[in-house]
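Worksheet for the structure shown next.
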């Protein structure tokens, strides 16, 4: 159940990012030589097989409404899936544990997830009750994320904090890899 709720928050975050990207700059989709699909705000060096995504006003509707009333365009759904996959990847390069960096990264990312979820409720993409169920758990986790907690951590919790010491990792990836 918690896994589904995290997925909803990630998708909600991706939706807001897609919306902001659609407002501020183009988002590109391309397939590399090995057949892997990528998404980014900058096209790859080669213009071959690059398509800018239209994230708003394309008239398409999606089956997934995140429990809200507004439909999500198909291109946005594809981008959300790509972002979800990317957020769950953990940089294989290990960095030393830095409780200060780890706590700052966790706090920043979870705060962004909460703000994004709230915006998606306000914009009708998800129901307030669904968001609040997840948000309560995120707020609880946020209140327990302290430098002291990091310094006293052991096992997977310590590995989670070490993972979060890298600015390249996201709480979704480190949390999935190091469950505690």
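Residue numbers (our numbering): 2 to 181. From the three backbone atoms N, C-alpha and C, an ideal C-beta is built for every residue, glycine too. Being a predicted model, the structure only gives us computed values, none of them experimental.
query, result
"When the Cα of residue 164 is compared with those of 80, 37, 94 and 79, which residue comes out closest?", "94"
"If we ignore side chains and look at the alpha-carbon of each, how far apart do residue 89 and residue 104 end up?", "18 angstroms"
"Give every residue of the same chain whose Cβ lies closer than 7 angstroms to the Cβ of residue 171, excluding the five residues on either side of it in the sequence, and list them in chain order.", "88 and 110"
"Just list the alpha helix (DSSP H) runs in the segment 77-125, keeping only unbroken ones of 4 residues or longer that don't cross its boundaries, in chain order.", "100-123"
"Quick check: the Cα distance between residue 145 and residue 167, rounded to an integer number of angstroms?", "20 angstroms"
"Could you tell me which of 159, 100, 175 and 38 sits nearest to residue 83, measuring between CA atoms?", "38"
"With burial defined as no fewer than 16 other Cβ atoms inside 10 Å of the residue's Cβ, what is the status of residue 76: buried or exposed?", "buried"
"How about residue 178 and residue 91: do their beta carbons lie closer than 8 angstroms?", "yes"
"Do you know how far the Cα of residue 175 is from the Cα of residue 102?", "14 angstroms"
"Roughly how many whole angstroms lie between the Cα atoms of residue 133 and residue 173?", "18 angstroms"
"Buried or exposed for residue 100, going by 16 or more other Cβ atoms inside 10 Å?", "buried"
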